[in-house]
Amino acid sequence: DQQVKQNSPSLSVQEGRISILNCDYTNSMFDYFLWYKKYPAEGPTFLISISSIKDKNEDGRFTVFLNKSAKHLSLHIVPSQPGDSAVYFCAASVGNTPLVFGKGTRLSVIA
Amino acid sequence: DAGVTQSPTHLIKTRGQQVTLRCSPKSGHDTVSWYQQALGQGPQFIFQYYEEEERQRGNFPDRFSGHQFPNYSSELNVNALLLGDSALYLCASSFSPTTGQETQYFGPGTRLLVL
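Chains as they are written, first to last, in my numbering: chain Y, -10 to 100; chain S, 1192 to 1306.
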């Protein structure tokens, strides 16, 4: 049973437009959520996180939104750049328990 | 500031062999977690080490074992390798505060191929 789901395996966006990556979770006990970006032949790079006590967190071009009632979070990238092309993983945890990852969404930003 | 480092980058083994992978955490971090990432999947938690002890373990058989040294570096050992152990093995480090959540930072991974 997958507790963290990224239902879109891939997404293509024009350079300069907004990229929206979605993530759903089933465990209502999750209290910490993170997004990682992964390039080929590299490990995942931490992007941004959000605690369950907040509904939005911003860092430059990246914003994460959390909707606890819908058990849904999303990552917005504005404006999208070709260098953003990568696989994006959503992850969640409860307290200090291990991270649970989704399967990832491959984002392609087209120039 | 050196990030998380892992060695080797690539490894080819045959079924039944044993393998040891190594990880040095980011400076200032005291906790090391290991993950297995199969093709097309997200990373799956194997175990976590803190203060030289296994603190948590995922759903992996006893063939997977580990160790943490006094300098916080860590090893992952896999015995009796199976074809299905072929994957990218990721090490992540974090600082373990007494309260609050920890952000894990990943190394580049070791790509293991079992033939």
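Glycine included, each C-beta is placed from N, C-alpha and C at the ideal position. Quantities reported herein were computed from a predicted structural model and do not represent experimental measurements.
Q: Take the Cβ of K45 (chain Y) as the centre, count every other Cβ of all protein chains shown within 10 Å, and call the residue buried at 16 or more, exposed below.
A: Against the first sequence, residue 45 (chain Y) aligns to sequence position 56. Exposed.
Q: Thinking Q1197 (chain S) and G1298 (chain S) are a contact (beta carbons under 8 Å), I'd like their distance in whole angstroms, please.
A: As a first step, residue 1197 (chain S) must be located in the second sequence, where it is residue number 6. As a first step, residue 1298 (chain S) must be located in the second sequence, where it is residue number 107. Their Cβ separation, rounded to whole angstroms, is 4 Å, which keeps Q1197 (chain S) and G1298 (chain S) in contact under 8 Å.
Q.
Under 8 Å, CB to CB, which of the residues in the segment 16 to 49 of chain Y have a partner in chain S?
A. D20, Y21, L23, Y25, A30, E31, G32, P33, T34, F35, S38, S40
Q: May I ask you to verify whether the segment 1210 to 1227 of chain S touches the segment 1239 to 1246 of chain S, counting CB pairs closer than 8 Å and requiring at least 3?
A: yes
Q.
So that I know if they touch, is there some Cβ in chain S lying closer than 8 Å to that of F78 (chain Y)?
A. Here residue 78 (chain Y) is taken as the residue at index 89 of the first sequence, counted from 1. Cβ-Cβ to chain S under 8 Å: yes for F78 (chain Y).
**Q.** 7 Å CB neighbourhood of S1277 (chain S) in its chain, flanking five on each side removed
**A.** Numbered from 1 along the second sequence, position 86 holds the residue referred to as residue 1277 (chain S). Around S1277 (chain S): L1303, L1304, V1305.
Q: Kindly list, in the order they appear in chain S, the residues whose Cβ is closer than 8 Å to that of P87 (chain Y).
A: Indexing the first sequence from 1 puts residue 87 (chain Y) at position 98. Going along chain S in sequence order, the residues near P87 (chain Y) (Cβ under 8 Å) are S1224, F1236, Q1239, Q1247, G1249.
Q) From this set, Y:S63, Y:Y77, Y:N56, which residue's C-alpha is nearest G1231 (chain S)'s C-alpha? A) Here residue 1231 (chain S) refers to the residue found at position 40 of the second sequence. When each option's Cα is compared against that of G1231 (chain S), the closest is Y:Y77.
Q: Can you give me, in chain order, the residues of the segment 1290 to 1305 of chain S that have a beta carbon less than 9 Å from any beta carbon in chain Y?
A: G1291, Q1292, E1293, T1294, Q1295, Y1296, F1297, G1298, P1299, G1300, R1302
Q | Chain-ordered chain S contacts of K57 (chain Y) [CB-CB under 7 Å] | A | Within the first sequence, residue 57 (chain Y) is the residue found at index 68, counting from 1. In chain order: nothing, as chain S lies at least about 16 Å away.
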